[in-house]
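Data first, discussion second: the structure below is written as structure tokens.
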Amino acid sequence: MQTILLVEDNEMNRDMLARRLTRKGFSVITAEDGQQGIDYAIEQQPALILMDLSLPVVDGWEATRQLKANIATKHIPIIVLTAHAMKADEEKAFQAGCDDFDTKPVMLERLLEKMAKALTSE
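In the UniProt record's numbering, the protein residues as written are 1 to 122.
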């Protein structure tokens, strides 16, 4: 079973997506802010990270930059999940080092396709 780290500050979004991914056979770890996400990624070494951008403590852009700069976590694919749907936000996320980008509200089938792609290209 592959472990996914979901970094999302909105409790309702976090719980709903974690439950949906668990039903699809993933083990899901959740973090409520960017710093917690960084810490959990280093400790738990998930197969994939789903990263919100608008996070307290450390935002998703900075958390992604730190994870991609760290030798212990740079190999972990990061898919940004955000309501920031502007092209500039997508470009900024890729500049920070994310491997893929998806918008909210989450369309589960589309997200699962992106996750499968990221997990097979490790």
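We put the CB at the ideal spot given by N, CA and C, even for glycine.
Nothing here was measured: the structure is a model prediction, and the numbers come from that model.
- In the three-state reduction of the DSSP assignment, A31 falls in the strand class, which pools E and B.
- By the Cβ-count criterion, E109 is exposed, with fewer than 16 other Cβ atoms from all chains shown falling within 10 Å of its own Cβ.
- Where T64 is concerned, the enclosing alpha helix (DSSP H) starts and stops at 60-69.
- Under the rule that a run must span 4 or more residues, the alpha helix (DSSP H) segments found entirely inside the UniProt domain "Response regulatory" (3-119) read 11-23, 34-44, 60-69, 87-96.
- At a Cβ-Cβ threshold of 8 angstroms, G25 and M1 count as neighbours.
- Nearest to Q66 by C-alpha distance, out of I29, A93, H84, is A93.
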